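There are 2 protein chains.
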Amino acid sequence: MEFKNTKSIFTQIGDDVKDKIMEGEYTEEGKIPSTRELAGIVGVNPNTTIKAYAVLQQEGIIYTQRGKGYFVSQGAKETIIKDRKEEFLNEVLPETVEQANKLEISFDELQNYLKDLYHEEK
Amino acid sequence: MEFKNTKSIFTQIGDDVKDKIMEGEYTEEGKIPSTRELAGIVGVNPNTTIKAYAVLQQEGIIYTQRGKGYFVSQGAKETIIKDRKEEFLNEVLPETVEQANKLEISFDELQNYLKDLYHEEK
DNA sequence: TTAAGTGCACTACCTATATAGTGCACTGTA
DNA sequence: TACAGTGCACTATATAGGTAGTGCACTTAA
Numbered sequence: 001m002e003f004k005n006t007k008s009i010f011t012q013i014g015d016d017v018k019d020k021i022m023e024g025e026y027t028e029e030g031k032i033p034s035t036r037e038l039a040g041i042v043g044v045n046p047n048t049t050i051k052a053y054a055v056l057q058q059e060g061i062i063y064t065q066r067g068k069g070y071f072v073s074q075g076a077k078e079t080i081i082k083d084r085k086e087e088f089l090n091e092v093l094p095e096t097v098e099q100a101n102k103l104e105i106s107f108d109e110l111q112n113y114l115k116d117l118y119h120e121e122k
Numbered sequence: 001m002e003f004k005n006t007k008s009i010f011t012q013i014g015d016d017v018k019d020k021i022m023e024g025e026y027t028e029e030g031k032i033p034s035t036r037e038l039a040g041i042v043g044v045n046p047n048t049t050i051k052a053y054a055v056l057q058q059e060g061i062i063y064t065q066r067g068k069g070y071f072v073s074q075g076a077k078e079t080i081i082k083d084r085k086e087e088f089l090n091e092v093l094p095e096t097v098e099q100a101n102k103l104e105i106s107f108d109e110l111q112n113y114l115k116d117l118y119h120e121e122k
């Protein structure tokens, strides 16, 4: 797995797990990879995956059963979507607009850039 | 000065200096605060401001004169604007669109959110 | 000439992050 | 019962980031 330099690895692993819960790859009450297995898959130390899972467990996104593994909590998907949408609207978008203003990019300009990017996704 | 937890302090100090060059508060060939003075202003250790200035010097944004202080380079403003616009268009906006897609926010929805944010800025 | 302000090179210490490795208790299965 | 897989608690090491403090060479102004 490729990691960016802007965030800690254990945070990116946690975000990736959340992505997979959101996309339905990991289902609620379903088992997710063990700390050792995931460490092997993404190419990090088991301690790092343990740390990533510990954070998600603290957030109530996953839970553990000693000797069995980690599982996705009930309502995890909804929680993730709610939290992320909130962050996107209250933090990401305002910062984007602030930066656009600093760079003197007008609303129309921004709109055109976004339109192109939306088309690329299809 | 308030610092976010997502970036290192010396990076945020460097970004702030760039902001002030872009806004015209620091003019080209003009002197900027000394490492000790800036450390006192923003409330950090002098070593941290030295590190921030060292990065900007490496980028050619500022230069030093031993015993006198740090000064803004010729063409610094243009360089900063060019770099930031590039980063904004090639990294920030694509990530914003990707996140919007993950959250199933349509182009029209996004447009409305942005329109509101643009109005708030006025 | 003297003193204040400056860049800058040090040392020391602390925390967070990440890796490497060992060991143990618990679980389900052969 | 034995064993593999699991969570989990350790120790040790390394690097980046940040603070704290000292000292020295250079520049400018009193």
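Top line first, the protein sequences correspond to chains A and B.
Quick note on the UniProt record's numbering: the first sequence kicks off at 1 and runs consecutively.
Quick note on the UniProt record's numbering: the second sequence kicks off at 1 and runs consecutively.
Ideal Cβ placement from N, Cα and C applies to all residues, glycine included.
If you're wondering where the values come from, they're calculated on a predicted model, not measured in any experiment.
Buried or exposed, going by whether 16 or more other CB atoms sit within 10 Å of the CB of residue i?
| i | result |
| --- | --- |
| Gly14 of chain B | buried |
| Ile41 of chain A | exposed |
| Thr35 of chain A | buried |
| Gln12 of chain B | buried |
| Lys77 of chain A | buried |
| Lys18 of chain B | buried |
| Thr6 of chain B | exposed |
Specify the secondary structure class of residue i as computed by DSSP and reduced to three states.
| i | result |
| --- | --- |
| Tyr26 of chain A | coil |
| Ile13 of chain A | helix |
| Val44 of chain A | coil |
| Phe71 of chain B | strand |
| Thr96 of chain A | helix |
| Ile81 of chain B | helix |
| Thr6 of chain A | coil |
| Ile61 of chain B | coil |
| Ile21 of chain A | helix |
| Ile32 of chain A | strand |
| Glu104 of chain B | coil |
Could one say the Cβ of residue i lies closer than 7 Å to chain A's Cβ atoms, at least one of them?
| i | result |
| --- | --- |
| Tyr118 of chain B | yes |
| Phe3 of chain B | no |
| Thr96 of chain B | yes |
| Lys82 of chain B | no |
Using a beta-carbon distance below 7 Å, is residue i in contact with chain B?
| i | result |
| --- | --- |
| Val72 of chain A | no |
| Lys77 of chain A | no |
Between residue i and the ligand SAM, is there a pair consisting of the residue's CB and a ligand heavy atom that are separated by less than 6 Å?
| i | result |
| --- | --- |
| Leu103 of chain B | This structure lacks the ligand SAM, and indeed carries no ligand of any kind. |
With C-beta atoms as the reference, is residue i less than 7 Å away from residue j?
| i | j | result |
| --- | --- | --- |
| Thr48 of chain B | Phe10 of chain B | yes |
| Leu110 of chain B | Ala100 of chain B | yes |
| residue 123 of chain B | Pro94 of chain A | Any answer about residue 123 of chain B is impossible in this case: the structure gives chain B only from 1 up to 122. |
| Ser73 of chain A | Ile62 of chain A | yes |
| Ile32 of chain A | Tyr70 of chain A | yes |
| Lys68 of chain A | Leu103 of chain B | no |
| Thr96 of chain A | Thr79 of chain B | no |
Residues of the UniProt domain "HTH gntR-type" (7-75) of chain A with Cβ closer than 9 Å to any Cβ of chain B, in chain order: Answer set for the UniProt domain "HTH gntR-type" (7-75) of chain A: Lys7, Asp19, Met22, Glu23.
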